[in-house]
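Written out below as structure tokens is the structure these notes cover.
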Amino acid sequence: MSQTSSSSSIDVDVAIIGAGPGGTASACYLAKEGLKVVMFERDPFPRFRIGESLLPHNRPIFEELGVAEEVEKRFIRKYGAHFSDRTGARRSRYPFANAIDKSYPYAYEVERDEFDQLLLDKAEEGGARTYMNWTVREVLFDGDQAIGLKAVDNETGEQLTVNCPMIVDASGHSSLINRTRGYKHKSVLRTRATFFSHFEGAFREDGDQEGDIQIVAFRYGWFWMIPFKGNTTSVGAVVNEKFLAERDKGEDADAAMWRAIKDTPFVANRLKDATQKWPARTIGNYSYGASSYAGNGYVTIGDAGAFLDPVFSSGVFLSMKCAQLASQGVLKAFETKDFSRRHFVSYEKRVRDGQQIFLRFIQGWYDPAFLDLFFFPTNFMGIRTAIVTVLAADLFNPKYLWSLKLRISMMFVFTAIHRLRLKLFRRGKRSLIQQQPI
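Right, here's the structure in full:
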């Protein structure tokens with residue numbers, strides 16, 4: 001017996017695809033200015049997500065959204081980031097208090113189900129309406145102008161057409177608009193995969209360093225260890241193609257993760273007295289970019305535009321910063337009654353500039369010459385200060401952005417010189433071996 005589903009339509013100012021941190025932040029900013037805002041989220045809340053380590057410059061956004069006090073109550077402070085090699089022989093800590101701007105000396109580590117729900121509640125409190133467990137099937141265009149979308153209730157099959165002059169695509173890895181219009185493309189970053197789980201009772205630092213993230217390089221990639229308030233720690237391994245190629249037939253995600261742990265004494269030692277809460281899960285190749293972040297009647301934010309390697313925990317920050325910056329363009333569009341792309345040219349440039357700084361550091365992370373300097377950085381020309389400033393995500397302040405970029409460029413000059421020294425050293429070593437008598 002066939003079941004017929006009902007259909008209807010509504011008129012709104014802004015439709016937002018996705019209720020993650022970028023989508024809910026957008027809803028907060030826009031609803032606060034009196035716009036009629038609806039959000040569509042395909043997954044029921046609360047729902048699990050990785051991307052649990054935030055950055056200090058999330059905090060001014062929390063203040064603007066009115067959630068700063070609640071975030072402070074619920075989550076552990078993160079005063080810095082530790083980086084080490086697989087054994088812990090080489091370690092370096094970067095306290096956020098040493099950044100150029102010392103106004104935000106800490107961030108937070110968050111369980112995403114609770115954090116995302118907090119932001120959703122705030123958006124709805126501000127007047128946004130959420131269609132939870134609905135999937136956006138199609139964004140509607142008249143020529144190159146976005147004019148609305150079609151969505152369906154995942155449970156009942158009810159269909160809804162939304163007519164609106166502006167769409168914010170915060171659909172995350174789905175990248176709905178960029179994917180369907182052919183703008184999404186492969187990242188310059190290499191193919192990688194992630195295995196992750198949660199543990200009770202993992203070793204953590206004392207005092208103010210208890211909430212610090214641990215990033216651990218090993219021969220196939222790197223680990224994160226993110227401590228939450230209480231006794232739970234998120235642990236994940238981001239691995240390369242070589243690690244995946246060496247998987248035994250039938251090796252599941254949990255076995256693969258434990259193979260990585262056993263290869264990394266620093267991580268294994270911290271987990272020796274811990275209890276794993278659930279078998280490891282996996283996500284495949286997930287770095288990508290896009291040739292455009294906005295068009296007539298729409299703008300893409302956060303992961304819907306691009307996703308970088310998560311080694312420096314940039315994901316949630318960039319999503320929420322995109323929401324902040326893109327909302328300015330949306331409000332300007334409504335003020336002028338002009339919903340063309342021109343209101344987002346500055347937005348796209350600023351976002352790409354910020355992403356490019358993170359991208360240089362991410363590419364450096366996989367370069368042994370960069371790591372040598374990263375573990376033992378000099379503060380000549382303020383290079384160590386620049387590193388901390390990047391790790392704090394303070395990438396959008398025009399007062400010292402040029403100075404920050406100069407210091408970063410100098411760091412990569414030193415990296416290139418060091419890479420050449422390593423190459424000459426290896427060449428000289430091979431030459432000596434070849435000259436040895438048989």
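The working numbering puts the first residue of the sequence shown at 1, with every later residue one more than the last.
Note that beta-carbon positions come from the ideal geometry of N, C-alpha and C, so glycine has one too.
No experiment lies behind these values; they were computed from the predicted model shown.
Spatially closest choice to residue i from the options, by CA coordinates
i	options	result
Y449	F412, Y220 and L391	Past the boundaries of the shown model lies residue 449; the chain is included only from 1 to 438, so the question cannot be answered.
A44	E70, V235, T300 and W134	Going by the sequence as given, residue 44 is Pro instead of Ala. Residue W134 is the option with its Cα nearest to P44.
S9	R426, K272, L160 and L120	L160
T336	E69, P165, D273 and E63	P165
T264	Y293, K229, S291 and W224	W224
Y400	F414, G382 and G23	G382
R77	V152, R47, I147 and P227	P227
I213	T415, Y29, S53 and F48	S53
G143	F96, G297 and D252	G297
V311	S346, L424, R42 and S84	S84
L371	G148, F218, F199 and K36	F218
F396	F361, S346, M410 and P368	S346
L35	F374, A260 and A333	A333
Y286	T232, A304 and R360	A304
G148	G250, M39, A260 and V235	M39
I357	Q328, E41 and R407	R407
E210	Q328, W222, N231 and R179	N231
I100	S7, R384, K186 and M411	R384
H198	A68, R90, T275 and F376	T275
Q328	S7, A27 and V12	A27
8 Å contact criterion, which residue i and residue j should meet: CB distance rounded
i	j	result
F344	A323	That pair is no contact at about 13 Å.
D208	Y79	5 Å
N240	R190	7 Å
A151	V162	7 Å
A31	G127	4 Å
V14	V330	7 Å
Y108	F75	4 Å
I215	H57	About 19 Å; that fails the 8 Å criterion.
A193	G284	5 Å
F237	F266	According to the sequence as given, residue 237 is Ala; it is not Phe. Going by Cβ atoms, the distance from A237 to F266 rounds to 12 Å, so no, they are not a contact pair.
Y293	T300	5 Å
K262	A268	6 Å
A260	Y220	7 Å
K249	E200	Between E200 and K249 the Cβ distance is about 32 Å, and since that is not below 8 Å, they are no contact.
A170	I16	6 Å
S175	F374	About 31 Å separates the two Cβ atoms, so there is no contact after all.
Where residue i falls: helix, strand or coil (DSSP)
i	result
K399	coil
F83	strand
M1	Its pLDDT being 36, under 50, M1 is placed unreliably by the model, and the measurement read from it follows with that caveat. DSSP places M1 in coil when its eight states are reduced to three.
W258	helix
P95	strand
E41	strand
R419	helix
S6	coil
E452	The question about residue 452 has no answer, for the chain in this structure spans 1 to 438.
K277	coil
A245	helix
G22	helix
I76	strand
S409	helix
I61	helix
V67	coil
Y220	coil
Burial state of residue i, where buried means 16 or more other Cβ atoms lie within 10 Å
i	result
P279	exposed
T156	exposed
L422	exposed
I417	exposed
T378	exposed
P398	exposed
V413	exposed
K272	exposed
V188	exposed
H173	exposed
W402	exposed
K122	buried
E111	buried
A290	buried
K184	buried
F317	buried
P368	exposed
S431	Caution is warranted here: a pLDDT of 46 is assigned to S431, below 50, making its placement in the model unreliable, and no coordinate value can be reported.
R341	buried
F48	exposed
G66	exposed
T24	buried
Threshold first: 3 residues or longer. Then list the beta strand (DSSP E) segments lying entirely within the segment 133–215, N to C. As far as the segment 133–215 is concerned, its whole beta strand (DSSP E) runs of at least 3 residues are 134–142, 145–153, 159–163, 166–169, 184–186 and 193–200.
Length-filtered (4 minimum) alpha helix (DSSP H) runs lying within the segment 356–389: 368–375
Contiguous alpha helix (DSSP H) assignments of at least 4 residues, all confined to the segment 290–352: 315–336
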